[in-house]
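2 protein chains.
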Amino acid sequence: MNDLENHPLYKIMHPKNIAFWGASSNPMSMGSIQLSSLLMLGFEGQVYPIHPRDKEIKGLKAYSRIEDVPEKVDLAILVIPTTIVADVLEDCGKAGINRAIIVSAGFSEKEGDDGKDLQAKIILIAQKYGIQFIGPNCIGVVNSHIKLNTTFNPYEASAGFIGMASQSGSFITQMFGHLSKFGLGFSQAFSLGNEAMIDLCDCIEYLALCPETKVIGLYIEGIRRGRFFLEVAKKVSKIKPIVAYYVGGSKAGGRAGKSHTGALAGPDRLYNGVFNQCGIIRAQSIEELFDFCYVLGTQPLPKGNRLGILTHSGGPGAAAADRSERSSLELSELAPTTLEALAPLLPHTASVKNPVDLTFARNLNDYMSTLPRILLKDDNIDLLFLYTLMPQQRVMQGVVESGQGSEQASQFVHAYIKEQAAAAADLLSEFGKPTIGGTFCDRSELFVRELQDHGMTVLPSPERAVTALGALCRYARWRRIFS
Amino acid sequence: MNDLENHPLYKIMHPKNIAFWGASSNPMSMGSIQLSSLLMLGFEGQVYPIHPRDKEIKGLKAYSRIEDVPEKVDLAILVIPTTIVADVLEDCGKAGINRAIIVSAGFSEKEGDDGKDLQAKIILIAQKYGIQFIGPNCIGVVNSHIKLNTTFNPYEASAGFIGMASQSGSFITQMFGHLSKFGLGFSQAFSLGNEAMIDLCDCIEYLALCPETKVIGLYIEGIRRGRFFLEVAKKVSKIKPIVAYYVGGSKAGGRAGKSHTGALAGPDRLYNGVFNQCGIIRAQSIEELFDFCYVLGTQPLPKGNRLGILTHSGGPGAAAADRSERSSLELSELAPTTLEALAPLLPHTASVKNPVDLTFARNLNDYMSTLPRILLKDDNIDLLFLYTLMPQQRVMQGVVESGQGSEQASQFVHAYIKEQAAAAADLLSEFGKPTIGGTFCDRSELFVRELQDHGMTVLPSPERAVTALGALCRYARWRRIFS
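From first to last, the protein sequence lines are chains A and B. Just so you know, the first sequence maps onto residues 417 to 899 in the working numbering. Just so you know, the second sequence maps onto residues 417 to 899 in the working numbering.
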């Protein structure tokens, strides 16, 4: 067994089979909903619902006691009333189950001592039987690559590369739809809840080893093991980027976090110091967290921070330029040879400086391929942002009005957009310089879908794209200094 | 005639008929594309294409000279080579046309003197004939309420309430799709280009009078008449909110703006001073501009800045709380009577403080109606943010699994979601306190569509929603002091 398989989280994320407490004949109970998601995604291992009375749940044979299950079980999932968690955990231990996810809430996140005592009790039981568990007060985990989704929302994203550890279950489960809007998905994701046993640090260590994870995202309300966090994150940042969204830095955020998962927050200044020391890139919203993960998980490390901007629209170009300075990027001076190469390809109204603004694309082929190639060849450019827009309806209209029949035109437009997207996506591998697109369109537009599915990173506005490139440069600088 | 109809922009935005230069039998020319958009939206006045050779363009009779057009024309649109603009404008003047939109570029935005000279020349011609024109180097205008769209993108948004004046045509035309994602639209919108004659100030004055416009959005690269801008904006802000996105404050943004429209930018500090003096709310991105316009155009002015947060998900609640402090909002202490009223409705895991976090909604009916009503009754709450999520698939699954046939279930779910949305939307009129929703879902989800179409403002993340509420409070404070 290698480091990955030896890690306590490995078996939680790769269970051969699962015993499930809390699903029942009531389809609206939280347990039933979570079991539904699990089955819906098509988990291939055996699932054993445990229920005192029901004999069959969602088409699966149910068992009244764990002892009756005919084989050794890898993972227990508990979605049951707070008061019986300790007993069931004890049963798990006796049955030789040593991995669990405890979804039930009402532990240390509650005011008063009762919840804290109960949490201490389940930790003792776990230690007695050598059980490693996630939670309590969590929503579960996702390993999209083996179709494991123990949360209560159906997993609708792809099997992706973002490894996520979150102190909020919502920022796992309610992000499935958000990620799918970019063609993205989680590789593996953890809702950590109260972190009675498994915490952020464990997840970072594990995700560093996980081969499908290219970037690690963290949602943080408070860090429990400060010193160890620093040590682990610093080590991991040298091999994989870590992006964190921290909401505990304001008084209001800190208080809300405390009653949510019982985490202790610290002021922004302190956390910024920690993040800077260990190369963690801080995001300012959940949207930004995933924007950053998208870019850091797909782009090579740039050699410097000199940005080239290519646009056919002045406003988006100016917005990108403005944002680049606010994100510590530098707008490159273009080399004389670049200016020479560009000039004959641009209309007379165009601006031949950086941003390169065509004002109106004379030739779409140039725009997605010839022009960015000229810019990427320039040694003064470390990264490229391409404002992009190729609405199917508009291209289609042009072709139809040129006299083609609508079916033929539709085929032509599809083929044309695919070809353009493929050419643009090739830029990254050809030049090895970060090259991303930005547009106000989304995946309902063919060209966005094609670009993203061909491997080009496209974000939904110039400002968001450039801000994410700034984050990439900050990470690259840290790596240059500390790796 | 009232002030509105007397305003020089009124006839540009309400032409009875249009003479159009630059459309031709070549469907891919910019002029042809712009004429297409105009016809596609269904402008009801007569359109007269003017072309030296073509006899018919897009099914319309074309005229070789403006003198041949059989009636007096209100508005000329010029999408023609730079070199012939002056002559055509002269022709317009002779034909008694005194309103024009000059799309052609290559004027003062170009380096060197030629473009500037040419621009001075067309201004002289306009003055000679009493022509008021927009541009040059612009994309045109939209008046959605009379189906007027002279830009080159088809208008796909609704007839809305956002009046926009933009120094970038893209931030008009490329925003149609963005706005439609929220069920929003422009009332009237101007792409200003080089502002040789009509500028931002004129638009602000006009939009203040426009009855369909509830909020004014500005995209600014540089202000040309500083003193007058201050005077006009200050007056208008007292009756309608103005939101501005300014990109000229950084060196890079300032340079990009200059080569885009020739506007002279100033440092952020100066512009912030101007904005603060005249009650203009500054946005930091184009997304944020429209988020702010959405909230400022739909919500009443709050009496104070004390925010209530209702959530069923801890993470989004904590994120909203954190963002509220960063947006100068205060998380209200709930009154004892509020706590008493809430307690019996919440599960034992819930957090009964602000944010009110249900952790799991026991009863969806309570969530969208009873619970927010309790919070809105509290005198300590000036505004309410409601994190909201009601995915159709999830509700549907529950109903189907409860034993209903899928068609019956579908009807039930549709009716149920509509009813919930209507109840939530009623909160605003019932209490007169700003009440907005936030969710990571979009209008592809029935509940988002229903909420928005019933009149509830819903933004695509808790952070964006709370940030926009912060902007609303800043504006309300300015109004309290200066109105």
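Beta carbons: idealized from backbone N, C-alpha and C, even for Gly.
Considering only the beta carbon of each residue, do P718(A) and K849(A) sit closer than 9 angstroms? yes
Taking I550(A) and G609(A) to be in contact with their CB atoms under 8 angstroms, please state how far apart those CB atoms are, rounded to whole angstroms. 7 angstroms
Please confirm whether G730(A) has its beta-carbon closer than 9 angstroms to some beta-carbon of chain B. yes
Does DSSP classify Q590(B) as helix, strand or coil? coil
Between the C-alpha atoms of G621(A) and P431(A), what's the straight-line distance to the nearest angstrom? It should be pointed out that residue 621(A) corresponds to Glu in this sequence rather than to Gly. Distance between the alpha carbons of E621(A) and P431(A): 19 angstroms.
Could you work out which residues of chain B lie near R742(A), taking near to mean beta carbons separated by less than 7 angstroms? S666
Output the distance between the C-alpha atoms of L686(A) and R643(A), rounded to the nearest integer angstrom. 13 angstroms
If you run the structure through DSSP and keep just helix, strand and coil, what is K477(A)? strand
Closest Cβ-Cβ distance between H830(A) and chain B: below 9 angstroms? no
Closest to P752(A) by C-alpha separation, out of I790(A), T804(A), Y783(A) and E704(A), would be which residue? I790(A)
Which residue spans inside the region 627–655 of chain A form an unbroken beta strand (DSSP E) run of at least 3? 631–636
Rounding to the nearest angstrom, what Cα-Cα distance links E704(B) and L875(B) in this structure? 11 angstroms
Just list the residues that DSSP pairs Y464(B) with in beta bridges. A435(B)
What is the DSSP secondary structure of E487(A), counted as helix, strand or coil? coil
If we count the other Cβ atoms within 10 Å of its Cβ and call it buried at 16 or more, is N692(A) buried or exposed? exposed
Identify, in the order they occur along the chain, each residue of the same chain with its Cβ nearer than 6 angstroms to the Cβ of T727(B), setting aside the five sequence neighbours on each side. G733, P771, D773 and Y803
Check whether chain B comes within 9 angstroms of E637(A), counting only Cβ atoms and requiring the distance to be less than that. yes
Which of helix, strand or coil does DSSP assign to D869(A)? helix
Determine the closest residue to F856(A) out of Y426(B), E527(B) and I702(B), with distance taken between C-alpha atoms. I702(B)
Quick one: using the 10 Å Cβ neighbour count with 16 as the cut-off for buried, is N569(B) buried or exposed? buried
Start-to-end residues for the alpha helix (DSSP H) that takes in F691(A): D684 to Q693
Name, please, each residue of chain B whose Cβ falls closer than 8 angstroms to the Cβ of T786(A). Going along chain B, no residue has its Cβ under 8 angstroms from T786(A), so there is no contact; the nearest lies around 19 angstroms.
On the three-pair Cβ rule with 8 angstroms, is the region 878–896 of chain A touching the region 527–536 of chain B? no
Please check if any C-beta of chain A sits within less than 9 angstroms of the C-beta of N553(B). yes
Can you list, in chain order, the residues of its chain whose CB lies under 7 angstroms from that of G720(A), leaving out five sequence neighbours each side? D798
Cβ-Cβ distance between F459(B) and N553(B) below 9 angstroms: no
Going along chain B in order, which residues have a C-beta closer than 7 angstroms to the C-beta of S524(A)? Residues of chain B passing the Cβ test: none, with the nearest at roughly 12 angstroms.
Between the region 623–637 of chain B and the region 576–592 of chain B, do at least 3 Cβ pairs fall closer than 8 angstroms? yes
So T775(B) contacts chain A; which residues on that side make the cut at Cβ distance below 8 angstroms? A521
Please report whether the beta-carbon of C889(B) lies at a distance below 9 angstroms from any beta-carbon of chain A. no
Classify H467(A): buried if its beta carbon has 16 or more other beta carbons within 10 angstroms, exposed otherwise. buried
Using the C-alpha atoms, what's the distance from S785(B) back to S596(A)? 31 angstroms
Return the CA-CA distance between D842(B) and N781(B), expressed in angstroms with no decimal places. 14 angstroms
Look at the Cβ atom of S582(B), then the Cβ atom of G633(B), and state whether they are nearer than 9 angstroms. yes
Closer than 7 angstroms, Cβ to any Cβ of chain B: which residues of the region 594–609 of chain A, in chain order? H594
Thinking C-alpha only, which one of V711(A), G814(A), I562(A) and H764(A) is nearest V659(A)? V711(A)
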